[in-house]
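Basically my numbering = 1-based index in the sequence shown + 4. Ideal Cβ placement from N, Cα and C applies to all residues, glycine included. To keep things clear, I will list the structure first and then write my remarks on it.
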Amino acid sequence: MDLLGLSGPAPDPVPDGELICSAKGCREQAAWGLLWNNPKLHTPERRKVWLACDEHREHLEQFLGARSFWKQTVAVAELDRVS
Ligand SMILES: [Zn+2]
5 MDLLGLSGPA PDPVPDGELI CSAKGCREQA AWGLLWNNPK LHTPERRKVW
55 LACDEHREHL EQFLGARSFW KQTVAVAELD RVS
């Protein structure tokens, strides 16, 4: 709950349990959640989440940034979990 709206739109929840990096072929544990939005597919307040390990964080940020989809990167501990 964020009554004051200080933290911005809430990202989509991620699965409970182990979180794996979203980079193709990577099986590392994710350390980061990359929040992104494609305005052609999503409402402006929607935040999709890609998970990234330390190694792939920058690569995935650049991929999303090049398409102007990237919004923010947060630690996985800050993401809401599906229970
Ligand atoms: Zn990775």
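Excluding the five sequence neighbours on either side, which residues of its own chain have a C-beta within less than 8 angstroms of the C-beta of Pro19, listed in chain order? Numbered from 1 along the sequence shown, position 15 holds the residue referred to as residue 19. Arg85 and Val86.
According to DSSP, is Leu55 part of a helix, a strand, or is it coil? Taking the sequence shown and counting its residues from 1, the one referred to as residue 55 is at position 51. Leu55: strand per DSSP, three-state reduction.
Quick check on Ala27: buried or exposed, where buried means 16 or more other Cβ atoms within 10 Å of its Cβ? Position 23 of the sequence shown, counted from the start, is the residue given in the question as residue 27. Flag for Ala27 reads buried.
Give the DSSP-derived three-state secondary structure of Leu38 in the structure shown. Translated into the one-based positions of the sequence shown, residue 38 becomes position 34. Of the three classes helix, strand and coil, the one that applies to Leu38 here is strand, per DSSP.
If you measure from each residue's Cβ to the nearest non-hydrogen atom of ligand 1, which ones come out under 7 angstroms, in chain order? Cys25, Ala27, Cys30, Glu32, Ala56, Cys57, Glu59 and His60
I'd like to know whether the C-beta atoms of Asp58 and Ala35 end up nearer to each other than 7 angstroms. Residue mapping note: residue 58 aligns to position 54 of the sequence shown, counting from 1. Residue mapping note: residue 35 aligns to position 31 of the sequence shown, counting from 1. Yes. Within cutoff.
Classify Leu55: buried if its beta carbon has 16 or more other beta carbons within 10 angstroms, exposed otherwise. One-based indexing of the sequence shown puts residue 55 at position 51. It is buried - the Cβ of Leu55 has at least 16 other Cβ atoms within 10 Å.
Please confirm whether His60 and Cys30 have their CB atoms less than 7 angstroms apart. Start at 1 with the first residue of the sequence shown, and residue 60 comes out as number 56. Start at 1 with the first residue of the sequence shown, and residue 30 comes out as number 26. Cβ atoms of His60 and Cys30: closer than 7 angstroms.
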